[in-house]
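The block underneath contains the structure these notes are about, expressed in structure tokens.
Here it is, written out as structure tokens:
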């Protein structure tokens, strides 16, 4: 009933909220992307997006279709692998940024291990900046991490905005330096926070440094300061700092998949895991 190519196009638009970016990701014309979405909406008999010249948003039916599309494509790929007689083997070195520690990425990895038991999956969890360095050095085959919006590298998974977060009872004194809770260099969120404060001319001090997301969360819950974090992944127990605090805008950030040097032994496995992630974006926004 539902065409897999139309479902893949729908997921790309839902993840990027842009027909232009979805077309670029899929290597299609924008008119083809629009046609796929119209045909899928016709098949479903529901409107999946509200769109105008400035924005694209999912409707309630579009939100529902996200889950169905992911499960249909997963089943489609499992059937294709089974009846195609292809069994992936080898070692896959996968790096995921600290941002995904509290999400359901583990379910995606568990499903991948179930579907490809002969692949030796080696997971590295690190700061996005560190993962970029390890990928460039040839120590990883596939990376899921943040990038700056102006960086053209990688396959876009989703686009997000950076916000300031802290404990519910935190109050900032406008006459004192902003207390920062940050990753060590080369953390991208750290760099964005410092750049934004420098542009505003706002003084700051480092109240806590940790390479662990759980360490940063503990410091923020204790009221030690504020941290820059993606809006779609705010940890439980923390809230956005209100605008009246006068903190500067942090800008936007992309989460992307990046492939390393394409060794034959790991290429198929990296492609399969990348496909599993791209068809399961909702799991990356939710806690287990």
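In full-length UniProt numbering, the protein residues as written are 1 to 288. Glycine is no exception: its CB is placed at the ideal position from the N, C-alpha and C atoms. Bear in mind that the values here come from a model prediction, so they are computed numbers and not experimental data.
- Message: Is the beta carbon of residue 73 closer than 9 Å to that of residue 17?
- Response: no
- Message: Please report the distance separating the alpha-carbon of residue 9 from that of residue 64.
- Response: 16 Å
- Can you find at least 3 beta carbon pairs, one from the stretch 219 to 232 and one from the stretch 117 to 126, that sit closer than 8 Å? no
- Task: Rounded to whole angstroms, what's the CA-CA distance from residue 303 to residue 272? Just pull it up for me.
- Result: The shown model of the chain, from 1 to 288, leaves out residue 303, and the question about it has no answer.
- Using the C-alpha atoms, what's the distance from residue 100 back to residue 12? 20 Å
- Message: Could you compute how far the alpha carbon of residue 179 sits from the alpha carbon of residue 249?
- Response: 16 Å
- Message: Relative to the C-alpha of residue 52, which candidate in 68, 34, 67, 46 has its C-alpha closest?
- Response: 34
- Excluding the five sequence neighbours on either side, which residues of its own chain have a C-beta within less than 6 Å of the C-beta of residue 188, listed in chain order? 128, 129, 146
- Please state if the CB of residue 103 and the CB of residue 284 are separated by a distance shorter than 9 Å. yes
- For residue 186, which option in 148, 106, 105 has the closest C-alpha, if you only look at C-alpha atoms? 148
- Task: Measure the C-alpha to C-alpha separation of residue 135 and residue 67 and round it to an integer number of angstroms.
- Result: 31 Å
- Return the bridge partner residues of residue 255 from the DSSP annotation. 146, 158
- Item | Inter-residue CB distance, residue 276 and residue 111 (contact presumed, cutoff 8 Å) | 6 Å
- Task: Can you give me the start and stop residues for the alpha helix (DSSP H) that residue 228 sits inside?
- Result: No alpha helix (DSSP H) holds residue 228; the beta strand (DSSP E) holding it covers 227 to 230.
- Helix, strand or coil for residue 33, going by three-state DSSP, please let me know. helix
- Candidates 108, 194, 236, 199: closest to residue 205 by CA position: 194
- Query: For the putative contact between residue 207 and residue 181, defined by C-beta atoms under 8 Å, what is the C-beta separation to the nearest angstrom?
  - Reply: 6 Å
- Query: If you run the structure through DSSP and keep just helix, strand and coil, what is residue 222?
  - Reply: coil
- Query: From the DSSP output, which residues share a beta bridge with residue 241?
  - Reply: Bridge partners of residue 241: none, in fact.
- Item | Cβ shell of residue 214 (< 6 Å), same chain only, five flanking positions each side left out | none
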